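J.: Going by the numbering used here, the sequence shown opens with residue 49, and the numbers climb by one from there.
Please find one structure pasted underneath; my questions will follow.
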Amino acid sequence: MTRKPPVMTWGMLRMTGRDCASLRMTGKSAKNGGGRPQNAAPGMQPTPTDRPRIAIRAYSGGMINFGARGHDVTAADFESLAIGLEAQGARCVQLALGKSFPGVPSGPGAINPGMGEYCRATLAAHGVSVAVLGCYVNLTDPDPVRHAGAMAAFEAYLRHARYFGAPVVGTHPGRLGHIAESSARTASETAWREFRGTVERLVAVGERFGAIVGLEPCPHHALHDLDSTERLLREVDSPFLGIILDPAGHAIGDQAGDAAVDPSDPAEREVAVTEEAFRRFGDRIVAFHLKDFTVERGADGPTAIVPCQIGDGIAPVARLLQIVDRHRPYLPVITEGTRDDRIGEAIRNHSS
Numbered sequence: 049m050t051r052k053p054p055v056m057t058w059g060m061l062r063m064t065g066r067d068c069a070s071l072r073m074t075g076k077s078a079k080n081g082g083g084r085p086q087n088a089a090p091g092m093q094p095t096p097t098d099r100p101r102i103a104i105r106a107y108s109g110g111m112i113n114f115g116a117r118g119h120d121v122t123a124a125d126f127e128s129l130a131i132g133l134e135a136q137g138a139r140c141v142q143l144a145l146g147k148s149f150p151g152v153p154s155g156p157g158a159i160n161p162g163m164g165e166y167c168r169a170t171l172a173a174h175g176v177s178v179a180v181l182g183c184y185v186n187l188t189d190p191d192p193v194r195h196a197g198a199m200a201a202f203e204a205y206l207r208h209a210r211y212f213g214a215p216v217v218g219t220h221p222g223r224l225g226h227i228a229e230s231s232a233r234t235a236s237e238t239a240w241r242e243f244r245g246t247v248e249r250l251v252a253v254g255e256r257f258g259a260i261v262g263l264e265p266c267p268h269h270a271l272h273d274l275d276s277t278e279r280l281l282r283e284v285d286s287p288f289l290g291i292i293l294d295p296a297g298h299a300i301g302d303q304a305g306d307a308a309v310d311p312s313d314p315a316e317r318e319v320a321v322t323e324e325a326f327r328r329f330g331d332r333i334v335a336f337h338l339k340d341f342t343v344e345r346g347a348d349g350p351t352a353i354v355p356c357q358i359g360d361g362i363a364p365v366a367r368l369l370q371i372v373d374r375h376r377p378y379l380p381v382i383t384e385g386t387r388d389d390r391i392g393e394a395i396r397n398h399s400s
């Protein structure tokens, strides 16, 4: 008889061995290990070969768990990806299989336990874990056939996430119709209820298989600001629904930025949005995207952000990391849009 998974709280959620080690650190170095591996029974002491490397970088008296998007690292397979991440000092990864390895089938019929176990073991040999398994599909596609395909893909990733050692499967919420129509349609209660039903269905699958549904709010999507995000978290009240916070996307336009010291400064707005997000639903934030940007300016001020590599723009990176560290120690901080050696440069510059 199949054993039904227990009901879990945020404090009981399954984490990777590296997360467990980080949370249980008692002053031991990464070399000496600490904590028990993910698949060890409670109370068991890990053997030296089981002990994971600590995937954390010290920062301003705290700890930052630096990672990168897999497709920002030049790699042809899991081995070269692991080597590249290790070389840059990234100890976790947001892995979107189709983006990192477009030549390898990774759809709902191709992803399998063997792929997950191979990926997990290969990355672990280089001190890297999968923080987020990316499955970026349009969950609000109005076409029934495409929507069914998106749901099938995401559900397959939720079922297989544990083999990759990934606690979270991530995606954007999806646009409601064409971009020009999205704001009006997002406000529609009918469209909102349909979106919420989609999320509820995925969360039910996540609860069954022990994987968190991670949604990344962004402009023009169903979750386009902190208000809509908070509403969904209130209406779908499950620890298996989490938020991947990308505050740069809210530096212009989100009303939460109006509380900034200087609301006309996108960098200050990003700080205000980040603080407010952690204040409102910090316990539901499961990963943090760190990216730099410049701004396009119109007659009335900044009109859009333009992503760039960390260090080339105006993002207040150090202040953002301080906020993360204060509210959610060890939270995966995933660099976005910064590539290869620039990833390592960013991590070194913002590690103590």
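Glycine included, each C-beta is placed from N, C-alpha and C at the ideal position.
Computed from a predicted model, the values in this text were never measured in an experiment.
Do Cys266 and His220 have their C-beta atoms closer together than 7 Å?
T.: Taking 7 Å as the Cβ cut-off, Cys266 and His220 qualify as a contacting pair.
J.: Excluding five sequence neighbours on each side, which residues of the same chain lie with their C-beta closer than 8 Å to the C-beta of Gly330?
T.: These residues qualify, in order along the chain: His375, Arg376.
J.: Flag this pair as touching only if the segment 170-181 and the segment 141-158 have three or more C-beta atom pairs under 8 Å; answer yes or no.
T.: Contact holds: three or more Cβ-Cβ distances are below 8 Å.
J.: Cβ of Gly262 within 7 Å of Cβ of Val216?
T.: Yes; because the gap between Cβ atoms is below 7 Å, this pair is in contact.
J.: By Cβ distance below 6 Å, which residues in the same chain neighbour Ala304 in space, the five residues on each side in sequence not counted?
T.: Contacts found: Leu274, Val321, Glu324.
J.: Looking at the structure shown, is Thr322 part of a helix, part of a strand, or coil, going by DSSP?
T.: Residue state, collapsed to three classes: helix.
J.: Do His119 and Ile159 come within 7 Å of each other at the CB atom, strictly closer than that value?
T.: It is not a contact, given that the beta carbons lie outside the stated cut-off.
J.: With a threshold of 16 other CB atoms inside 10 Å of the CB of Thr74, please say whether the residue is buried or exposed.
T.: Reliability of the predicted coordinates at Thr74 is poor, the pLDDT of 37 falling under 50, and the value obtained from them is presented with this limitation in mind. Label assigned to Thr74: exposed.
J.: Among Asp348, Val251, Gly182, Cys183, whose alpha-carbon lies nearest the alpha-carbon of Pro287?
T.: Of Asp348, Val251, Gly182, Cys183, the residue nearest in Cα terms is Val251.
J.: Using DSSP bridges, identify the partner residues of His337.
T.: Ile382, per the DSSP bridge assignment.
J.: Taking the straight line between their C-alpha atoms, what separation do you get for Lys147 and Val343?
T.: If you take the alpha carbons of Lys147 and Val343, they lie about 27 Å apart.
J.: Hey, is the segment 346-358 in contact with the segment 378-392, meaning 3+ C-beta pairs nearer than 8 Å?
T.: Verdict: yes, contact present.
J.: Would a check of beta-carbon distances place Arg223 closer than 7 Å to chain C?
T.: No chain C appears in the structure shown, which is made up of a single protein chain.
J.: Please state whether DSSP places Ala363 in a helix, a strand or coil.
T.: It is coil, neither helix nor strand.
J.: Measure the alpha-carbon distance for Ala307 versus Arg317 and round it to whole angstroms.
T.: Distance between the alpha carbons of Ala307 and Arg317: 8 Å.
J.: DSSP beta-bridge partners for Glu393?
T.: Glu393 is not bridged to any residue.
J.: So is Gly164 buried or exposed if we call it buried at 16+ other beta carbons inside 10 Å?
T.: Flag for Gly164 reads buried.
J.: Round the Cβ separation of Leu187 and Ala201 to the nearest angstrom and send it over; I've been treating them as touching at under 8 Å.
T.: Leu187 to Ala201, Cβ: 10 Å. No contact.
J.: From this set, Pro192, Leu206, Val193, which residue's C-alpha is nearest Tyr412's C-alpha?
T.: Absent from the structure is residue 412, since the part of the chain shown begins at 49 and ends at 400.
J.: Threshold first: 3 residues or longer. Then list the beta strand (DSSP E) segments lying entirely within the segment 244-294, N to C.
T.: As far as the segment 244-294 is concerned, its whole beta strand (DSSP E) runs of at least 3 residues are 260-263, 289-293.
J.: Among Glu264, Asp302, Ala138, whose alpha-carbon lies nearest the alpha-carbon of Ala394?
T.: Of the candidates Glu264, Asp302, Ala138, the one whose C-alpha sits nearest the C-alpha of Ala394 is Ala138.
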